[in-house]
Amino acid sequence: MELNSEERKHRILALVRHQGQLEVAAAAVDFAVAPETIRRDLSELERRGLVRRTYGGAYPVEGAGFETDLAHRVNSHVDDKRRIAAEAVKLLGEADTVFVDEGYTPQILAALLPSDRPLTVVTASLSTAAAIAESANITVLLLGGRVRARTLATVGSWTSAMLAGFVIDVAFLGSNGISRELGLTTPDPVVADVKAKALEVSRRRIFLGHHSKFGASSFCRFAEVGDFEAIVTSTGLTAAEAHRYALMGPRVIRV
Numbered sequence: 001m002e003l004n005s006e007e008r009k010h011r012i013l014a015l016v017r018h019q020g021q022l023e024v025a026a027a028a029v030d031f032a033v034a035p036e037t038i039r040r041d042l043s044e045l046e047r048r049g050l051v052r053r054t055y056g057g058a059y060p061v062e063g064a065g066f067e068t069d070l071a072h073r074v075n076s077h078v079d080d081k082r083r084i085a086a087e088a089v090k091l092l093g094e095a096d097t098v099f100v101d102e103g104y105t106p107q108i109l110a111a112l113l114p115s116d117r118p119l120t121v122v123t124a125s126l127s128t129a130a131a132i133a134e135s136a137n138i139t140v141l142l143l144g145g146r147v148r149a150r151t152l153a154t155v156g157s158w159t160s161a162m163l164a165g166f167v168i169d170v171a172f173l174g175s176n177g178i179s180r181e182l183g184l185t186t187p188d189p190v191v192a193d194v195k196a197k198a199l200e201v202s203r204r205r206i207f208l209g210h211h212s213k214f215g216a217s218s219f220c221r222f223a224e225v226g227d228f229e230a231i232v233t234s235t236g237l238t239a240a241e242a243h244r245y246a247l248m249g250p251r252v253i254r255v
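Structure (structure tokens):
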């Protein structure tokens with residue numbers, strides 16, 4: 001049965017969210033329509049803030065109604081995330097206390113922290129805590145609170161209250177979206193609260209995230225671009241766009 005335009009867009013959105021990305025050529029074959037039809041559908045979904053267009057395809061935008069889970073993040077853009085984490089950890093400096101955000105890229109970074117000197121790592125991520133709990137010289141403080149099944153991270157008033165009692169040397173933070181106009185955003189208010197509190201209690205702040213986060217926005221804003229001393233991302237962010245972000249304060253590193 002031939003799908004009407006809205007039905008096709010609904011199925012395209014479900015597909016791009018399930019797969020994490022969509023290629024125009026493949027979708028045209030799957031839906032038995034011309035590639036231009038898929039491009040028009042994606043343009044309309046982008047106008048609605050549901051996907052972001054790329055050359056030859058699209059990927060989903062995370063918002064109040066949709067958020068990828070940890071299993072998806074572990075399998076998405078893995079090589080880029082490893083390069084980003086390896087570059088970001090070089091910015092640790094002489095820090096003794098470190099906040100590591102939830103998310104797969106920060107988890108990779110945590111595993112790269114030096115073990116030849118004492119470090120205290122504060123995190124809300126159960127996955128990150130488990131990954132580094134046996135590391136020599138690293139003391140792990142796992143923030144208490146309600147565990148979000150989607151990300152295996154703690155949230156809520158207990159989490160924020162624990163953070164409020166710390167003074168942290170450097171925070172490595174991620175987000176679901178970052179834009180020059182709207183700052184850093186995430187879909188869930190309780191997640192935004194934890195990130196905002198980590199930002200508040202940290203002397204230095206470093207953002208690390210894949211270039212697909214740039215230009216995207218979600219439901220809850222927790223920081224401005226200028227709050228960070230550095231941004232570490234992949235080379236998919238153009239040099240011109242990186243310069244625009246750098247004009248707002250942070251050093252922008254593309255790897």
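Per full-length UniProt numbering, the sequence shown runs over residues 1 to 255.
Idealized CB from N, CA, C, for every residue including glycine.
Nearest-angstrom Cα separation, counted from residue j out to residue i
i, j, result
"GLU62", "SER234", "19 Å"
"PRO219", "SER175", "Here residue 219 turns out to be Phe, not Pro, going by the sequence shown. The alpha-carbon atoms of PHE219 and SER175 are separated by roughly 11 Å."
"ARG83", "SER76", "13 Å"
"residue 261", "GLU7", "Since the displayed the chain opens at 1 and closes at 255, residue 261 lies outside it and no answer follows."
"PRO35", "SER160", "48 Å"
"HIS211", "PRO118", "32 Å"
"ARG52", "ALA58", "5 Å"
"THR54", "LEU13", "15 Å"
Residues near residue i in its chain [Cβ-Cβ closer than 7 Å; skip 5 each side]
i, result
"GLY156", "GLY145, ARG146, VAL190"
"SER202", "PHE99, ILE168, VAL170, ALA171"
From the options, residue whose alpha carbon lies closest to that of residue i
i, options, result
"ASP30", "ARG47, HIS18, ARG48, ARG11", "ARG11"
"ARG221", "ALA240, HIS243, SER179", "SER179"
"ILE253", "LYS90, LEU15, ALA110, ARG150", "LYS90"
"LEU109", "LEU237, SER43, VAL232", "VAL232"
"VAL255", "ASP79, LEU152, LEU163", "ASP79"
Cβ neighbours of residue i in the same chain (closer than 8 Å, five flanking residues each side left out)
i, result
"LEU56", "Looking at the sequence itself, residue 56 is Gly, so the reference to Leu does not match. Excluding positions up to five away in sequence, the list reads GLU23, VAL24, ALA25."
Enclosing beta strand (DSSP E) for residue i [first to last residue]
i, result
"ALA230", "230 to 233"
"THR123", "119 to 123"
"VAL170", "168 to 173"
"SER179", "177 to 179"
"ARG40", "Run containing ARG40: none in the beta strand (DSSP E); it sits in the alpha helix (DSSP H), 35 to 47."
"ALA58", "57 to 60"
Segment limits, alpha helix (DSSP H) that includes residue i
i, result
"VAL201", "189 to 201"
"ALA153", "Where ALA153 is concerned, there is no enclosing alpha helix (DSSP H), although the beta strand (DSSP E) it sits in stretches over 153 to 155."
Own chain residues within Cβ distance below 6 Å of residue i, not counting five before or after
i, result
"ALA223", "GLY183, LEU184, LEU199"
Worksheet item: Where are the alpha helix (DSSP H) runs, 4 residues long or more, that stay fully inside the stretch 84 to 108, in chain order?
Response: none
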